[in-house]
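Residue numbers (the working numbering): 127 to 215. We put the CB at the ideal spot given by N, CA and C, even for glycine. Quick caveat, the model's predicted, so the values are computed rather than measured. Below is one structure, written out as structure tokens, with a few remarks after it.
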Amino acid sequence: MASVQTLATSVQTIATAHADYAKKAMQDSSEFFAKLTSVKEPAKVMELQTEYVKNAYETFVAEAKKISELYTDFFKQTAKPLEALIAKK
Numbered sequence: 127m128a129s130v131q132t133l134a135t136s137v138q139t140i141a142t143a144h145a146d147y148a149k150k151a152m153q154d155s156s157e158f159f160a161k162l163t164s165v166k167e168p169a170k171v172m173e174l175q176t177e178y179v180k181n182a183y184e185t186f187v188a189e190a191k192k193i194s195e196l197y198t199d200f201f202k203q204t205a206k207p208l209e210a211l212i213a214k215k
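What follows is the structure in structure tokens.
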């Protein structure tokens, strides 16, 4: 029963991480478009866009790493009961 609770907690943690990333990405893009509408110079537009894309990429890579580690831990926890069964044979 404890392992079921642990797995449920892991799934909830993964879902929360996905939701948090989606929320942050939406906020960042909203802020970017708000800034973009106030810019008048083409050079400043390019600078703003470059900064946004760089930050979005860095955030994506960091969050993808974090979420993949959560999935790795989840699958390790899932495999533990199977390892115990295999070890008994």
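Handout entry: Proximity to Thr198 [Cα-Cα], best of Ser136, Gln131, Lys170 and Asn181
Key = For the purposes of this step, residue 198 is identified with residue 72 of the sequence shown, where counting begins at 1. Ranked by Cα distance from Thr198, the options Ser136, Gln131, Lys170 and Asn181 are led by Ser136.
Exercise for the section: Can you tell me the Cβ-Cβ gap for Leu174 and Lys161, rounded? I've got them flagged as a contact below 8 Å. Expected result: As a position in the sequence shown, residue 174 is number 48, starting the count at 1. As a position in the sequence shown, residue 161 is number 35, starting the count at 1. With a contact defined as Cβ atoms closer than 8 Å, Leu174 and Lys161 qualify at about 6 Å.
Exercise for the section: Grab the span of the alpha helix (DSSP H) containing Val165 for me, first residue to last. Expected result: For this step, residue 165 is matched to residue 39 along the sequence shown. From DSSP, Val165 is part of no alpha helix (DSSP H); its letter is neither H nor E.
Exercise for the section: Determine, using beta carbons only, whether Glu177 comes closer than 9 Å to chain C. Expected result: Going by chain labels, chain C is absent from the structure shown, which holds only one protein chain.
Problem - C-beta contact flag for Glu184 and Tyr147 at 9 Å - result: Taking the first residue of the sequence shown as 1, we reach residue 184 at position 58. Taking the first residue of the sequence shown as 1, we reach residue 147 at position 21. For Glu184 and Tyr147, no; Cβs fall outside 9 Å.
Exercise for the section: May I have the straight-line CA-CA distance separating Thr139 from Ser194, to the nearest angstrom? Expected result: The residue labelled residue 139 in the question sits at position 13 within the sequence shown. The residue labelled residue 194 in the question sits at position 68 within the sequence shown. Between Thr139 and Ser194, the C-alpha separation is close to 12 Å.
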